Amino acid sequence: MPAAWTAYLGLLSALSAAFAPAVAVKEHDFKKCHQSGFCQRNRAFADHALGTSSWESPYNIAPGSGSFKDGQYQAVILKTINESGETVRLPLTVSFLESGTARVTVDEEKRQKGEIELRHNSTARKERYNEAEQWVIVGGLTLDTSAKVDYEDKTQLNVKYGPSSKFEAAIKFSPFTIDFKRDGSSQIKFNDQGLLNMEHWRPKIELPEPEKKEGESNEEEPKEEPKEEPKEEPKEEPREKPKVEDESTWWDETFGGNTDSKPRGPESVGLDISFVGYEHVYGIPSHTGPLSLKQTRGGDGNYQEPYRLYNADVFEYILDSPMTLYGAIPFMQAHRKDSSVGVFWLNAAETWIDITKGKESRNPLSLGVKSKTSTHTHWISESGLLDVFVLLGPTPKDLTAKYGELTGTTAMPQEFSLGYHQCRWNYVSDEDVKDVDRKMDKFKMPYDVIWLDIEYTDEKQYFTWDKHSFPDPIGMGKQLDSHGRKLVTIIDPHIKNVDNYPVVAELKSKDLAVHNKEGSIFEGWCWPGSSYWIDAFGPAAREWWSTLFKYDAFKGSMENTWIWNDMNEPSVFNGPETTMPKDNLHYGNWEHRDLHNLNGMTFQNATFHALTSRKPGELRRPFVLTRSFFAGSQRVGAMWTGDNQAAWDHLQASIPMVLSQGISGFPFSGADVGGFFGNPEKELLTRWYQAGAFYPFFRGHAHIDSRRREPYLAGEPYSTVIAAALRLRYSLLPAWYTAFRHAHLDGTPIIKPMFYTHPSEDAGFALDDQFFVGTTGLLAKPVTEKDKATVDIWIPDAETYYDYFTYDVLPTAKGKTVALAAPLSKIPLLMRGGHVFARRDRPRRSSALMRWDDYTLVVAVGKEAKVAQGDLYVDDGDSFDFETGQYIHRRFVFDGAAQRLVSVDAVEGRGEVVAEGEWMKKMREVGVDRIVVVGAPASWAGKTTVAVEQAGRTWEARVEFTPAGKGRAAFAVVKKVGARIGADWTVDFA
Ligand SMILES: *[C@@H]1O[C@H](CO)[C@@H](O)[C@H](O)[C@H]1NC(C)=O
Ligand SMILES: *[C@@H]1O[C@H](CO)[C@@H](O)[C@H](O)[C@H]1NC(C)=O
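Using mature numbering (1 follows the signal peptide of the UniProt record, and there is no 0), the letters of the sequence shown map in sequence onto residues -24 to -1, 1 to 966.
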């Protein structure tokens, strides 16, 4: 939902909803690098280092300080801070983990020991923030005790580690660098360009008032034109020649009228990380640009600004930009033919990342003669530890798996949440909700969830209802429940500061809100006007939050009510960059600056846990949607890409954005279908539904000033086409749920870009407008342009590809594009040969009503050896019983030579250890009703029956064979198969 415009409106009027969206994001409301002191300083430092041929990084490992033990190397880095050779001590730990991941942590001794003085009588913590790990990391930290020193002398130390000791870390002492190698060749280098920079603590020298220095305040830039064209590249701005040590922003900094008191002075961390021989880097969502990240230091087609990670309520965001958005995942992957490596920068403070591509190294002597393109990245965070995980692949799947081991994987979702969600700001009354519910049925449009934005509350007091428009929330909830549907209501972290609101009274009396720099409760503006913010970093605050969701506390909520957490960056309309002052204080007296990017996750997590304790004994998977997120948020819910616009280019941008979430460990994602702001033309709305049917999270949403656009209002032919897209989504729900299971098990994305599925095919590395769904072999390329009747789809391999709807066989076109007809009624969707996937073909009103429906299995016969395989995972979709084995996971294998399809347990050695619960017993009996074999052999012509064998019993089922037609594959349909989904069986076509 909504955004910063109220920063101003909210202060003027009492939050009038009258608002005309037409202007793009006010770019000047958000910092550019040169307006962020530490970013500017680190960029200047980089310019100086890279422009000085004799540059030597002033960081050296203290002779004799190092020791290696049990998979861990510890030493002290000395940073030389002046000409006279004075140094500061920076403890270094390099940990080699059993997973093959390495971790490099650098702290600062003085701050660690608290031997610093804070200015302004601040009560903030003195250490560098060292608790990011506590929120983010859930596993994978076991040290690899078989890691061993392979070579050591006075200048360096080499450690061999990882699977079969294929990995190696060559640690050089002077200057300090690390070269991470795989099979003997360099992959990732730290400080190779000499940009390591840890701003050490120093006391402020109070000088007599000097003559006014340039850059005294950080706001000397003249204001930019307020209305920049959204797509226009920012012009190169004339800059002052940077000083290497620009002190002007060490002690305080002002932006947009807000002054940050910076009681700890300068404390940024910066490091260059080079990906040797890698041309593509991906990840670090959320941004609106292409999946393959751009260079950021200017030049043709490149950005001028670094990618920024500083969660913010960015109003009407612009496209193709490195600007920050609502969430941040500082995980980057580099890829070249047949090799993927990555880094995870564990730091929750404001972070900027510069990317350049060029020669392998700045120092030609340090390498051989080859000069492939490498990608150099420069990571800059405002505060905290330097804490980086290094993943050496070699496949994209290895990276997502190792990253998932560290930060956790996607939670198994509520099954309903994979259905369609109908949202708008706002459904105005309970009658309105019930009416939409009835109309969706009338027009035969399946959906699972209807949503309530902020207006359902009694004057923006969460956990209450507007008595006039929502007099009977339970009646509304019950109507929805009668068709298995759900309600999602919004609950935000800002608590209205008003009398007679028990929630705020408790928040205050229990002292559970975020504090300001003076240590009293922080007050700011958001939807309700004056508000306080729950501090979900504190255990008592989280516990209290749980009490608010109990059914008898949040009256009007019921078992089918779930929650949407918005505005949790947090959005503070009158705060700097629409968020909290950085010198605010959280639980444990940590400054907001240290943990800003974690804020949204801790709040969503508090809601997640609250929903697990609404009623004693009720053990159900929560559904919580979040706008703000960080690494680890995937464990507690879904995200959406925020306030987009009803425009074709926003539809286009949504696909790389969702793909980027997927490869970055948080695949349960989607964009607002139709576009939040504005009014989509009907063709755009229809195309958006077709694309949205392939987002892992599929929700239509609209701004309060946009016209009503429930899909049945579109009129013909649009409504029919939209209904077909919705039904396609519903029929494929078994395949989607199975893809979520894979994501849950090993961190794989739910929709996958070409580089991920085909890491050897260079031509696919930059593609981000087509994708595979899970392991189904379904290859989709949604139409995202107006008036398109065909799309060109890139074919990544020599497999057979069939049109999903017509079974037409595509010409063999490995590495080429093929034109597919894509009239309005059609979603370009292919089936890759070699896969089997499950569907439920009977149209129903909601996913809950499909629960016991029979399955259809689709076999897309592969080219070589005519084999195909796939799987189906199913559990009760609601409880945690799957954790104790209450699930069915089948593997289907079609063998063309033997002309046989078999179903076997996908989990080896599971046996009969599990005592089957009620759900499991009933589910086992659900049938496989139809089997469709696409690409069936011609020899099946004339066949009328197949033999089915299950549990020692054999029977015949009817089969209809259709021979190949003009361009169309032969196919066979077995009807009334009669096999059970939970049993081993064989269908013999011979
Ligand atoms: C800090 O506290 C001392 C003693 O209470 C007071 O005299 C001084 O003015 C305070 N300084 C600031 C910057 O608030
Ligand atoms: C989530 O909440 C639980 C329960 O309060 C807590 O133990 C955990 O640390 C929290 N994690 C995050 C990421 O906020």
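Don't be surprised by glycine CBs; every beta carbon is placed ideally from N, CA and C. Being a predicted model, the structure only gives us computed values, none of them experimental.
The alpha helix (DSSP H) with H24 in it runs from where to where? Counted as a single uninterrupted DSSP element, the alpha helix (DSSP H) harbouring H24 occupies residues G13 to L26.
Pair within 8 Å by beta-carbon distance, G638 and P772: Going by C-beta atoms, G638 is not nearer than 8 Å to P772.
Short Cβ contact (8 Å threshold) for W916 with F965: Yes, Cβ-Cβ distance for W916 and F965 is below 8 Å.
Expressed to the nearest angstrom, what Euclidean distance is found between the alpha-carbon atoms of M633 and S640? Cα-Cα distance, rounded: 11 Å.
Does the distance from the CB of D120 to the CB of F72 come in under 8 Å? Result yes, Cβ atoms of D120 and F72 sit closer than 8 Å.
For P478, count neighbouring C-beta atoms within 10 Å of its own C-beta (all shown protein chains included) and say buried if the count is 16 or more, exposed if not. P478 sits exposed, since fewer than 16 C-beta atoms from the chains shown fall within 10 Å of its C-beta.
Sequence-distant residues of its chain with Cβ nearer than 8 Å to L483 (five each side left out): The residues are I471, A489, Y508, I510 and W520.
Separation of A844 from Y777, as counted between CA atoms: Rounded to the nearest whole angstrom, the C-alpha separation of Y777 and A844 is 13 Å.
Supposed contact pair G911 and V837 - C-beta distance, whole angstroms, cut 8 Å: Contact between V837 and G911 holds, since their C-beta atoms are separated by about 3 Å, short of 8 Å.
With a threshold of 8 Å, are at least 3 pairs of Cβ atoms found where one atom belongs to the region 241 to 260 and the other to the region 309 to 318? Taking one beta carbon from each stretch, the region 241 to 260 and the region 309 to 318 have 3 or more pairs nearer than 8 Å; the two touch.
Considering only their Cβ atoms, is the gap separating L133 from residue 1043 smaller than 8 Å? The structure shown does not extend to residue 1043, since the chain is modelled only from -24 through 966, so no value can be given for it.
Is there contact between the region 603 to 623 and the region 640 to 651, where contact requires at least three CB pairs shorter than 8 Å? Two segments are said to touch when three or more pairs of C-beta atoms, one from each, lie closer than 8 Å; by this definition the region 603 to 623 touches the region 640 to 651.
H811 versus G384: straight-line alpha-carbon distance, rounded: One alpha carbon belongs to H811, the other to G384, and they sit about 28 Å apart.
Pairwise C-alpha distance: Y563 and F231: So the alpha carbons of these two residues sit roughly 26 Å apart.
For K211, count neighbouring C-beta atoms within 10 Å of its own C-beta (all shown protein chains included) and say buried if the count is 16 or more, exposed if not. Because the pLDDT at K211 is just 45, under 50, the model does not fix this residue reliably, and the point stays unresolved.
For ligand 2, is there any heavy atom lying closer than 7 Å to the beta carbon of A940? Every heavy atom of ligand 2 is 7 Å or more from the Cβ of A940, so no.
Of all residues in the structure, which have a C-beta closer than 5 Å to any heavy atom of ligand 2, taken in chain order? Near ligand 2, meaning a beta-carbon closer than 5 Å to one of its heavy atoms, we find W111, R518, T578, N581 and H585.
Tell me the DSSP bridge mates of E545? The partner list for E545 (beta bridge, DSSP) is empty, contrary to what the question assumes.
Span of the beta strand (DSSP E) holding S250? If you look at S250, you'll find it in the beta strand (DSSP E) that goes V245 to F251.
Cutting at 8 Å between CB atoms, please list the residues of its own chain near K333, excluding the five before and the five after it. Cβ-Cβ distances below 8 Å link K333 to E255, Q271, T349, S350, T351 and H352 in the same chain, with the five nearest sequence neighbours on each side left out; the list follows chain order.
D784 versus L708: straight-line alpha-carbon distance, rounded: So the two alpha carbons sit approximately 20 Å from each other.
Status (buried if at least 16 other CB within 10 Å, exposed otherwise) for T153: Per the 10 Å Cβ criterion, buried.
Whole angstroms are fine: how far does the CA of D905 sit from the CA of G954? About 6 Å.
Return the chain-ordered list of same chain residues with a C-beta closer than 8 Å to the C-beta of K180, the five sequence neighbours on each side being excluded. Excluding sequence positions up to five before and after K180, its CB lies within less than 8 Å of the CB of R95, W226, W227 and G241, all in the same chain and listed in chain order.
Suppose only complete runs of 3+ residues qualify. What are the beta strand (DSSP E) ranges in the region 42 to 109, listed by chain order? List check, beta strand (DSSP E) in window: 43 to 45, 48 to 56, 63 to 72 and 78 to 82.
Selection from L877, L267 and P282 that minimises the alpha carbon distance to V909: It is L877.
Close-in-space but distant-in-sequence residues of the same chain around residue 983 (CB under 6 Å, 5 per side omitted): For the chain, the structure presents residues -24 to 966; residue 983 sits outside this window and is missing.
Got a sec? Which residues, its chain only, sit under 8 Å from F674 by beta carbon, not counting five neighbours each side? Excluding residues up to 5 positions away in sequence, L394, G395, Y396, H397, G646, V649, G668 and R705 lie with their Cβ nearer than 8 Å to the Cβ of F674 in the same chain.
Leaving out five residues before and five after S262 in sequence, what residues of the same chain have Cβ atoms less than 6 Å from its Cβ? Same-chain partners within the cutoff: L301 and G303.
From I957, E499, I92 and R65, pick the residue whose C-alpha is nearest to that of D83; which is it? The option with the nearest alpha carbon to D83 is R65.
Nearest neighbour of P151, chosen from F143, K130 and Y831 [CA to CA]: Closest by alpha carbon: K130.
Where R900 falls, given that 16 or more other Cβ within 10 Å makes a residue buried: Exposed, since its Cβ has fewer than 16 Cβ neighbours within 10 Å.
Collapsed DSSP secondary structure at G885 in the structure displayed: G885 falls in the coil class under three-state DSSP.
D779 - partner residues in DSSP beta bridges: Looking at the DSSP output, D779 shares a beta bridge with L806.
Pairing CB atoms from the region 921 to 932 with CB atoms from the region 942 to 962, are three or more of them under 8 Å? Using a Cβ-Cβ distance cut-off of 8 Å, the region 921 to 932 and the region 942 to 962 are in contact, since at least three pairs of beta carbons, one from each stretch, lie closer than that value.
Helix, strand or coil, according to DSSP, for E182 in the structure here? For E182, the three-state secondary structure derived from DSSP is coil.
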